[in-house]
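Enquirer:
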Amino acid sequence: MTKNSYRQSINEWRVKRNESIRRENDWLALAGLYWLKLGKNLLGSDSKSEIVLPQRLPASLGYLEYSGSSVSLFSNSDQKINVDGTETDFAVLQPDTSLIKLDDVQFVVIQRGNKFGVRIWDNQREERRSFPARTWFDIDENFRIPATYSLYESPKKANFPNVAGETAEFPVDGFLSFTFNNKEYQLDVNKESNGTFFIRFSDLTSKDETYRTGRYLITDMEADGKLFIDFNKAYNPPCSFTDYATCIFAPEQNRLDFKVTAGEKYTRH
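Numbering-wise (my numbering), the sequence shown opens with residue 3 and increments by one.
1) Alpha helix (DSSP H) containing N192: first to last residue?
2) How about the segment 40-56 and the segment 65-75: do they share at least three Cβ pairs that are nearer than 8 Å?
3) Where does H271 fall in DSSP's three states?
4) Indicate whether the contact test is met: 3 or more Cβ pairs, each with one atom in the segment 106-113 and one in the segment 192-203, closer than 8 Å.
5) Nearest-angstrom Cα distance between H271 and C241?
6) Short of 7 Å in beta carbon distance, which residues of its chain neighbour Y213, apart from the five on each side in sequence? Order them along the chain.
7) For I122, name the three-state secondary structure that DSSP assigns.
8) Here's the rule: buried if 16 or more other CB atoms are within 10 angstroms of the residue's CB, otherwise exposed. What is S77?
9) Could you give the distance in angstroms between the alpha-carbon of D259 and the alpha-carbon of S208?
10) If you draw a straight line from the C-alpha of T263 to the C-alpha of F139, how long is it?
11) To the nearest angstrom, how far is it from the Cα of R114 to the Cα of N164?
12) In three-state DSSP terms, what is N13?
13) Could you have a look at F233 and say whether DSSP puts it in helix, strand or coil?
14) Applying the criterion that 16 or more other CB atoms from any shown protein chain within 10 Å of the CB defines a buried residue, is P253 buried or exposed?
15) Cα-Cα, which of E168, F172, S71 is closest to K158?
16) Measuring alpha carbon to alpha carbon, tell me which residue in P148, D80, L35 is nearest V54.
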């Protein structure tokens, strides 16, 4: 790949990243995140509801019943609700799967650890149009670094912090090794179904130039099987531009001791 074609490919990738968050039902359409209490959680646009919907929707639509291990939807007797394409007045909702639609508003029940909540999208949100464009460091080919993947002898568990200030254990099968400025580094990673690797990392820019809890990155895989960590494709987690994401951040062992002046910046402090 020539220098010009490489730069063009990075710029095209960045345009797509900026456009993707503005699509319908994507990150900038998020309009609410409500954690459920045990028992009945009222659903509607009334501000006294436990789950507050946009004002153009009915004040009361029904409620979600949370048992501690499952969530059921009960609509008002005169109101059917679309759940996974079917109009109904009752449904047991599957976390992160069952989709409830109310015109151009939709929501799902999510499960994060032992907590259940409701995440809402509203496609009329102004943020889809007005949110500032993402900002990036200049492209630097020195930050596209060859890497090798190694499996741990046995899968280990690592502590990953989340946006709520808690930590959770997740399995880690292996790590990527690379050399930068004549020093060896390794990053714990998760392998994706397409053979690439998903990385959560932080570095010395995380204090004041990039997102404070680190960035995400998906590795490049060449046709010949060669693997690259391209920090020019480092990007901010969703919680950098919405309050309604439930991000998981870089584990302590993925903190790099140098400045990664490549990829996405963060200016909304």
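Backbone N, C-alpha and C define an ideal beta-carbon position, used for all residues, glycine too.
Expert: In terms of the structure at hand:
1) Unbroken run through N192 is the beta strand (DSSP E), 185-193; no alpha helix (DSSP H).
2) yes
3) Low per-residue confidence applies at H271: pLDDT is 42, beneath 50, and the placement is therefore not dependable, though the value from the model is reported in the following sentence. Note: H271 maps to coil in three-state DSSP.
4) With the cut-off at 8 Å, the segment 106-113 and the segment 192-203 do not touch.
5) With a pLDDT of only 42 at H271, under the threshold of 50, the placement of this residue in the model should not be trusted, and no figure is reported.
6) Here the set comprises N238, P239, S242, Y268.
7) strand
8) buried
9) 11 Å
10) 6 Å
11) Approximately 10 Å, taken between the alpha carbons.
12) In the three-state reduction of the DSSP assignment, N13 falls in the helix class, which pools H, G and I.
13) helix
14) buried
15) F172
16) L35
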